[in-house]
């Protein structure tokens with residue numbers, strides 16, 4: 043069996059926690075379905091590592107096999123699609139559309155947001171140049187017909203990474219004060235939907251505010267969200283609050299150009315007596331935590347741990363055992379328990395395509411999870427919750443009002459995260 047790092051997250055799949063991603067792009071005109079279908083077929087040819095379907099070998103290991111069937115381009119429905127099914131020609135990637143919006147749906151197993159955005163950009167470029175003529179492309183666009191590079195396919199050798207100890211470690215420990223919200227969703231057989239809101243914040247206003255308090259989008263949102271959580275849960279003795287900030291570590295391990303997902307988390311401990319502090323001061327605490335934890339040694343350690351889990355999965359005798367091992371040893375689930383997560387991919391170059399893009403929202407799993415994208419004139423924040431109660435959003439908007447940050451907020455949407463159809467033993 044060949045070691046394919048793109049399969050291992052599939053073993054952790056659950057219907058309510060499917061590890062799938064949706065990138066929703068709103069354009070300035072109604073979608074031309076025929077043109078989008080043509081563009082999608084052209085674009086996917088640039089990504090042979092995404093043109094796959096899941097198989098099962100004799101050792102009951104998931105495999106990824108070449109899939110030359112068309113990528114599905116379907117009308118968006120108010121229901122969860124099933125990746126890997128006949129409806130989507132067995133692919134782990136599929137596209138849906140409605141009105142002026144396109145949803146790019148995919149499994150998180152092969153890639154995260156950076157890798158997924160490669161595919162999104164190429165597809166949109168094929169679509170927009172077909173519709174509007176030549177446009178200046180983003181600098182990192184992977185053009186149809188261009189060769190797949192070694193950098194895209196690069197995967198580090200864990201044994202060759204340094205083993206030096208980091209200067210410091212996070213010592214905050216778990217904070218389970220919001221765990222009950224997630225468990226209520228996961229364990230309740232009648233809870234089938236989870237939700238999100240779209241928030242727009244003008245770039246100039248947000249960055250002026252960031253400069254004034256010496257913050258970044260990550261640290262500001264972490265500071266605001268910890269205040270939100272502190273007003274949602276009761277203070278308990280010997281507890282604290284904890285933030286999680288997603289940190290891409292591909293550059294630390296020499297995989298800057300890889301399509302694969304390399305993410306670890308920065309953890310920020312907040313004691314209850316800090317909750318009366320200003321957003322500015324809580325923001326500075328987050329900045330300090332990032333500086334202390336943003337060490338390459340921790341990235342090396344994270345990657346080695348990931349590889350050990352992969353080897354452990356490979357060693358199991360059957361599919362059921364592999365899934366159990368993957369779940370019990372998940373790098374995501376074994377991280378310290380935090381109360382919320384902020385994930386910001388950074389400024390993305392869209393080239394002249396951006397003149398036709400109104401919004402870009404990333405939709406993922408998780409409760410009290412903020413996914414952040416930035417366009418030239420505004421930030422797009424996906425505020426994600428697992429329950430219909432709007433209290434977390436209301437508290438967040440109160441803080442934006444208090445800090446005099448202008449914003450627009452949408453109605454509540456259902457996430458409709460794609461499910462997966464996987465081979466059975």
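In the numbering used here, the protein residues as written are 43 to 467.
Every residue gets a Cβ at the ideal spot worked out from N, C-alpha and C, and that includes glycine.
For a quick check, are the C-beta atoms of residue i and residue j less than 7 Å apart?
i	j	result
residue 396	residue 404	no
residue 283	residue 217	yes
residue 292	residue 307	no
residue 82	residue 165	yes
residue 198	residue 340	no
residue 369	residue 54	yes
residue 62	residue 459	yes
residue 254	residue 380	no
residue 342	residue 203	yes
residue 409	residue 338	no
residue 301	residue 194	yes
residue 417	residue 425	no
residue 78	residue 148	no
residue 309	residue 214	yes
residue 451	residue 241	yes
residue 73	residue 146	no
residue 275	residue 324	no
Roughly how many angstroms lie between the CA atoms of residue i and residue j, to the nearest whole one?
i	j	result
residue 101	residue 355	12 Å
residue 457	residue 289	24 Å
residue 211	residue 247	35 Å
residue 104	residue 50	8 Å
residue 95	residue 351	23 Å
residue 87	residue 153	17 Å
residue 135	residue 317	43 Å
residue 388	residue 141	28 Å
residue 463	residue 174	37 Å
residue 30	residue 243	It is not possible to answer for residue 30, since the shown part of the chain is limited to 43 through 467.
residue 391	residue 167	12 Å
residue 252	residue 261	9 Å
residue 52	residue 151	6 Å
residue 16	residue 273	With the chain running from 43 to 467 in the structure shown, residue 16 is simply not present.
residue 239	residue 80	31 Å
residue 433	residue 346	40 Å
residue 68	residue 447	23 Å
residue 312	residue 224	21 Å
residue 359	residue 439	51 Å
residue 118	residue 137	9 Å
residue 156	residue 297	12 Å
residue 229	residue 221	12 Å
residue 124	residue 419	35 Å
Rounded to the nearest angstrom, how far is the Cβ of residue i from that of residue j, given a contact under 8 Å?
i	j	result
residue 245	residue 393	No, residue 245 and residue 393 are not in contact; Cβ-Cβ is about 17 Å, not under 8 Å.
residue 58	residue 232	With 8 Å as the limit, residue 58 and residue 232 do not qualify as a contact, their Cβ atoms being about 12 Å apart.
residue 437	residue 270	4 Å
residue 122	residue 453	At roughly 20 Å, the Cβ-Cβ gap does not stay under 8 Å, so residue 122 and residue 453 are not in contact.
What residue range does the beta strand (DSSP E) around residue i cover?
i	result
residue 42	Outside the shown range of the chain, which is 43 to 467, sits residue 42, and nothing can be said about it.
residue 55	Looking at the DSSP string, residue 55 is not in any beta strand (DSSP E), and its letter there is neither H nor E.
residue 98	94 to 98
residue 387	382 to 389
residue 242	237 to 244
What span of residues does the alpha helix (DSSP H) with residue i cover, start to end?
i	result
residue 294	Per DSSP, residue 294 belongs to no alpha helix (DSSP H) and is neither H nor E.
residue 333	321 to 335
residue 338	338 to 356
residue 205	Taken as a continuous stretch (DSSP letters only), residue 205 belongs to no alpha helix (DSSP H), as it is neither H nor E.
residue 84	75 to 86
residue 268	259 to 272
residue 162	155 to 174
residue 234	Note, residue 234: premise wrong, no alpha helix (DSSP H); not H, not E.
residue 131	From DSSP, residue 131 is part of no alpha helix (DSSP H); its letter is neither H nor E.
residue 59	Residue 59 -> no alpha helix (DSSP H), and no H or E assigned at all.
Can you confirm whether residue i, when its beta carbon is compared against all beta carbons of chain C, has any partner nearer than 7 Å?
i	result
residue 120	Note that chain C does not occur in the displayed structure, where there is just one protein chain.
What does DSSP give as the partner residues of residue i in its beta bridges?
i	result
residue 404	65
residue 415	422
residue 138	116, 145
residue 104	98
residue 228	Paired residues: none, contrary to the question.
residue 309	286
residue 455	238
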